[in-house]
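Trainee: For the sequence shown, our numbering assigns the number 7 to the initial residue and increments by one for each residue that follows. Input: one structure, supplied below.
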Amino acid sequence: MSKSVTVLSTSSVVPDKESTIEDLKLSKGCLFARPPIPIHNLITHLKRGLSHFLALAGRLIIDSNGYVYIACNDSGAGFIHANANCITIREVLSPYSDVTNCYKKFFAMDRTISYDGHFKLILTVQVTEPLDGLFIGCTVNHAVVDGTSLWNFLNTFAEVCRGADRIMKLSDFSRRSPLISPVVLRVPPGDPMVTFLGDASLRERIFSFMQGIDFEMKNKINHSAAHGDLRPWLQSDMEIGMAGVVMVEELYNGA
């Protein structure tokens with residue numbers, strides 16, 4: 007049987023509260039065993055989550071002076087419900103093979119460039135149902151959000167799904183970073199040209215680590231940094247990482 011993902015529905019989700027923020031200057035996924043959560047409930051929770059991250063429901067714009075802004079205009083984020091009942095969680099998590107094209111279809115807007123945020127969604131959430139699980143993949147414009155901010159959004163989304171009355175960590179729209187530059191990058195007429203092969207074949211792997219390995223690595227790094235020498239941790243932590251991969255492989259082998 008061929009492995010494929012079938013899109014069941016596509017919709018635009020807007021925050022449940024209108025934006026009061028003025029214009030602002032300027033691929034993670036979670037895999038679960040199949041939970042009894044109706045899809046329409048996830049859309050409702052996403053609306054509440056977006057009300058705390060209004061920029062993700064906006065669009066990129068360029069003013070007459072060439073500055074790029076995020077227009078928090080409640081245009082909405084994307085929500086896709088897809089079915090992949092020919093794929094199992096074990097196949098998704100398998101450490102023995104490269105990431106398959108079918109797995110890449112768990113994420114919307116694959117290989118979309120950041121500049122396309124002027125006319126495409128800044129955020130798209132795709133909920134894919136494998137045979138025995140649920141995969142929630144979030145794709146966001148990297149010109150707007152970094153990895154830390156995306157995880158903050160995912161944590162907020164999770165808190166809302168759990169029925170939390172108060173969000174533990176709110177989004178920060180302040181602009182105190184010294185990295186912000188007043189320089190305007192002039193975009194050539196007809197939009198910028200893509201200078202790389204967008205359809206080039208890329209080889210990707212998923213590496214799995216046992217719970218607690220990351221904390222052990224962080225403790226080693228912090229201890230070395232406190233003593234002014236970060237060199238010793240490199241080799242030892244590579245060994246820890248490889249041990250984590252071996253332990254995962256042993257689990258798959260039934261050890």
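The beta-carbon is built from N, C-alpha and C at its ideal position, and this holds for glycine as well.
Could you check the C-alpha separation between residue 95 and residue 216 for me, to the nearest Å?
Mentor: In a straight line, the C-alpha of residue 95 is about 17 angstroms away from that of residue 216.
Trainee: Using only alpha-carbon positions, find the residue among 133, 156 and 68 that is nearest to residue 176.
Mentor: 156
Trainee: Which whole-angstrom value describes the C-beta separation of residue 45 and residue 133, a residue pair presumed to lie in contact below a C-beta threshold of 8 angstroms?
Mentor: 6 angstroms
Trainee: Can the beta-carbon of residue 164 be found closer than 8 angstroms to that of residue 129?
Mentor: Not a contact, by the Cβ cut-off of 8 angstroms.
Trainee: How is residue 65 classed by DSSP in three states: helix, strand or coil?
Mentor: Strand at residue 65.
Trainee: The alpha helix (DSSP H) with residue 161 in it runs from where to where?
Mentor: 153–167
Trainee: Which residues in the same chain have their Cβ closer than 7 angstroms to the Cβ of residue 158, if we skip the five residues on either side of it in sequence?
Mentor: Setting aside the 5 residues that flank it on each side, residue 158 is surrounded in the same chain by 175 and 177, each with a C-beta closer than 7 angstroms to its C-beta; the list follows chain order.
Trainee: Can you look up residue 121 in the DSSP assignment and give me helix, strand or coil?
Mentor: helix
Trainee: Would you mind sorting residue 162 into buried or exposed? The rule is 16 or more other CB atoms within 10 Å of its CB.
Mentor: buried
Trainee: Taking the CB atoms as reference points, tell me whether residue 141 and residue 55 lie closer together than 8 angstroms.
Mentor: By the CB criterion at 8 angstroms, residue 141 and residue 55 fall outside the cutoff.
Trainee: Is the CB-CB distance between residue 120 and residue 87 below 8 angstroms?
Mentor: no
Trainee: Using the C-alpha atoms, what's the distance from residue 72 back to residue 29?
Mentor: Confidence in residue 29 is poor, its pLDDT being 41 and thus under 50, which makes the residue's placement too unreliable to answer from.
Trainee: Spatial neighbours of residue 143 within its chain, please: CB distance less than 6 angstroms, with the 5 preceding and 5 following residues excluded, ordered by chain position.
Mentor: 35, 112, 113 and 132
Trainee: Please state whether DSSP places residue 150 in a helix, a strand or coil.
Mentor: coil
Trainee: Less than 8 angstroms between the C-beta atoms of residue 110 and residue 104, yes or no?
Mentor: no
Trainee: How should residue 57 be labelled, buried or exposed, when 16 other C-beta atoms within 10 angstroms of its C-beta is the threshold for buried?
Mentor: buried
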